[in-house]
Amino acid sequence: MSTALAMERIAEASPRLTARAAGFFWLMTFVLGVYALAGDRLVLWNDAAATAANIVVREPEFRLGTAANLLATVSYLVATVLVYDLLKPLNRNLSLLAAFFSLAGCAISGLSFIFRLAPLLVLGDVPYMSVFTAEQLQAQAHTFLRLGGLAFYISSVFFGLHCLLVGYLIVRSRFLPRFVGGLMIFAGVGWLTMSFANLLAPPFGRSLSPYILLPGMLGEGTLSLWLLIVGVNVRRWKERTDAAWQRRSQRPVQP
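So for the sequence shown, numbering that gives the first Met the number 0 puts the first residue at 0; every next one is plus one.
Now the structure itself:
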C-alpha cells in the first residue's frame, strides 16, 4: 500500500511541478522582457546621432538590455515546452502547432539580436570603419536597430498566434480557469494588433504600442502567476489525460 500511495503522490506532483516550472520560466520571460524594453530608452528612433551617443556612452547598459532579451527568449523556449506538455492531452495537434509558432518566434527573435549588437561593431574603435564618416556610421547603426525592430514585430506575430492557441486550449481545459484562457486570447490579439500596426503603418503603430502592450502583460502575467502559485487541477488534468490515451488506443491500426 505504501508503494502504491507513493506512486499516486508522484503522479499528482508531476503536473503540479510542470505547471509551476512553466509559470516560473514564463514569469522570468515577462520580467526580463520588461527590463529589456526599459533599456530601449537609449534608442531615439528619430535621432541617429543621439542614439549613437547613448550607445557609446552607456554601452554596458545597452549590452545588459540585449542579454536580458536573450535570456527572456531562452526562458520562453523552456516555458513553451512545459506548457505544451501540460496542454497536449486536450489536443496534441493544436498544442504542437502552438509550440511551433512559439519556436518560430524565438528563432526570429534570435536573429534580431544580431541586428541589435551590430551597432556596437559599427560604432566601436575598429580601424577598417575609418573609411566612413561619423554621420555614415551613425546612420548604419540606426539602420541595424530599425532592422532589429522589424524582426521583433515579425516575431511578435508568431508569439501572438501562440498566445491565441494557448488561450483557446486553456478555455477548453477545465483544469485551468477559463478567465485565464480568455486573457491569453486577449493577449494574442494585442500582440497581433501591435505587430501589424507597426509593420503596415509605423507612425500609427508607435503611438499605439504603449497601450497594446497592456493586454500581453495582463494575459501572460496572469497565466504565469496562476501556474506558479496555484498550478493545475490535478484530478481534471488526469481525467483529460486518460481520455486522450483511450482515444489513441481505440484508433484502428492501419494495414
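Every residue, glycine too, gets a C-beta built ideally from N, C-alpha and C. Because the structure is a prediction, the values reported are computed rather than measured.
The alpha helix (DSSP H) runs lying completely inside the stretch 169-206 and spanning 4 residues or more are 177-199, given in chain order. Residue environment analysis places Thr132 among the exposed positions, since fewer than 16 neighbouring C-beta atoms fall within 10 angstroms of its C-beta. Less than 8 Å divides the Cβ of Gly159 from the Cβ of Leu191.
For Ser74, the uninterrupted alpha helix (DSSP H) segment begins and ends at Glu58 to Leu86.
Its chain contains Ala186, Gly189 and Trp190 as the residues whose beta carbon lies nearer than 6 Å to that of Gly215, once the 5 sequence neighbours on both sides are disregarded; these appear in chain order. With a beta-carbon spacing of about 6 Å, Asp84 and Thr17 fall inside the 8 Å limit used to define contacts.
If the five residues before and after Leu168 are omitted, its C-beta is found closer than 8 Å to the C-beta atoms of Leu86, Leu89, Asn90, Leu93, Ser94, Ala97 and Gly180, all from its own chain and listed in chain order.
Counting only runs of 3+ residues, no beta strand (DSSP E) is found wholly inside the stretch 117-177. Counting the other CB atoms within 10 Å of its CB gives Arg40 a total below 16, which places it among the exposed residues. Here the alpha carbon of Arg145 sits roughly 47 Å from the alpha carbon of Lys237. Assignment of Asp46 by DSSP, reduced to helix, strand and coil, places it in the coil class. Only exposed fits Gln135, as fewer than 16 other CB atoms lie within 10 angstroms of its CB. In terms of CA proximity to Arg15, Val231 leads the group Arg239, Val231 and Thr240.
Leu89 sits in coil when the DSSP states are folded into three classes, being neither helix nor strand. Judged by beta-carbon spacing, Ser108 lies within the 8 Å limit of Thr72, meaning their Cβ atoms are closer than that value. With distances taken between CA atoms, Asn45 lies nearest to Pro202 out of Leu213, Pro209, Arg234 and Pro202. Ranked by Cα distance from Pro176, the first of Ser154, Leu226 and Val56 is Leu226. Shown here, Asn232 sits in coil according to DSSP, grouped into three states, outside any helix or strand.
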